[in-house]
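Add 1 to a position in the sequence shown, counting from 1, and you land on the number used in our numbering.
One structure is given here, and the rest of the page talks about it.
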Amino acid sequence: PGGRVTPEDVHRFAEHGGTVPAARPAEHVPAKQVASDTAFAEFAAHASATIPFLELEPLPDFSHEGPVEIEPLRSIRRKVARKMVTSMTLVPHVAHMDDADVTELDRFRVRERNRREGGSGGRLTLLAFVIKAITAGLKAAPAFNASLDPFREEIIYTQYYNLGFAADTGRGLVVPVVKDTNKKSIIQIADEIYEKATLARDGKLPPEDMRG
């Protein structure tokens, strides 16, 4: 399994005089067969992977040390917690710091914001420019718009550009997604950020706007 030789392999090899054929590699499993949480968990438990998944252990009983208060993890907070743990486990994390002089860009942004004041849509913030710049970067370096599947041992290069941004709400942090950012103008992106952030703060952001 996963390229490892087990004691059973050695015994079987010895019993057959060194004629045991090599094990066949695991067959490719289409994504649709492991789409649900339950199916994925079962698949992960039995999958043969050379990139092992993190083995989680239960937390200790903190009440042995003193009084505790327990709050059930529900709804969006539970989903966010699962996504964050999966991301920390599967995504290679890299920190890179760089400086950019955006003085002229911000002057332009303020000028355009003032010109649009009183019209429809939201305020023109730097985030809309950042999202457009990230989109250009992803198009130039497709490896950053890819995902590693440790079970099927595949790299998936996505051919679309959907970017999530953090929105702080009364129910915790959520991540609305602006889809097809390569096809939208900075003004369209700014309006969508305002609209989805407002819905998130009001607790009315539909689940489909946090997917993809």
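Virtual Cβ for every residue (Gly too), placed ideally from N, Cα, C.
Just so you know, these numbers come straight off a predicted model, no measurement behind them.
Rounded straight-line distance, which links the Cα of residue j to that of residue i
{"i": "Ala50", "j": "Glu155", "result": "For Ala50, the predicted model reports a pLDDT of 48, less than 50, meaning its position is unreliable; a value from the coordinates is still stated below. Straight-line Cα distance between these residues: approximately 11 Å."}
{"i": "Asp100", "j": "Arg83", "result": "33 Å"}
{"i": "Leu200", "j": "Leu206", "result": "5 Å"}
{"i": "Ala167", "j": "Leu128", "result": "11 Å"}
{"i": "Ala27", "j": "Pro2", "result": "No answer about Ala27 holds up, because its pLDDT of 48 lies below 50 and its placement is not dependable."}
{"i": "Asn115", "j": "Leu139", "result": "30 Å"}
{"i": "Arg75", "j": "Arg172", "result": "10 Å"}
{"i": "Val103", "j": "Arg112", "result": "14 Å"}
{"i": "Glu196", "j": "Ile71", "result": "34 Å"}
{"i": "Val131", "j": "Ala137", "result": "10 Å"}
{"i": "Thr170", "j": "Ser64", "result": "30 Å"}
{"i": "Val11", "j": "Gly4", "result": "14 Å"}
{"i": "Pro61", "j": "Ala15", "result": "45 Å"}
Pick from the options that is closest to residue i, judged by C-alpha positions
{"i": "Asn163", "options": "Asp150, Phe145, Leu174, Arg172", "result": "Phe145"}
{"i": "Lys133", "options": "Asp210, Ala191, Gly204, Glu196", "result": "Ala191"}
{"i": "Arg124", "options": "Gly18, Asp203, Leu106, Gln189", "result": "Gln189"}
{"i": "Lys80", "options": "Leu174, Lys184, Gly204", "result": "Leu174"}
{"i": "Val176", "options": "Ser186, Tyr158, Asp210, Ala96", "result": "Asp210"}
Neighbour flag for residue i against chain D, beta carbons, 8 Å
{"i": "Met211", "result": "Absent from the structure is chain D; it holds one protein chain and no more."}
Residue i, buried or exposed, once every other Cβ within 10 Å from all chains shown has been counted against 16
{"i": "Val6", "result": "exposed"}
{"i": "Val179", "result": "buried"}
{"i": "Leu149", "result": "exposed"}
{"i": "Thr182", "result": "buried"}
{"i": "Lys184", "result": "exposed"}
Practice task
Could you pull out every unbroken alpha helix (DSSP H) segment of at least 4 residues lying fully inside the region 121 to 196, listed in chain order?
Solution key: 127 to 141
Handout entry: Contained alpha helix (DSSP H) runs [length at least 4] in the region 81 to 125, N- to C-terminal order
Key = 104 to 117
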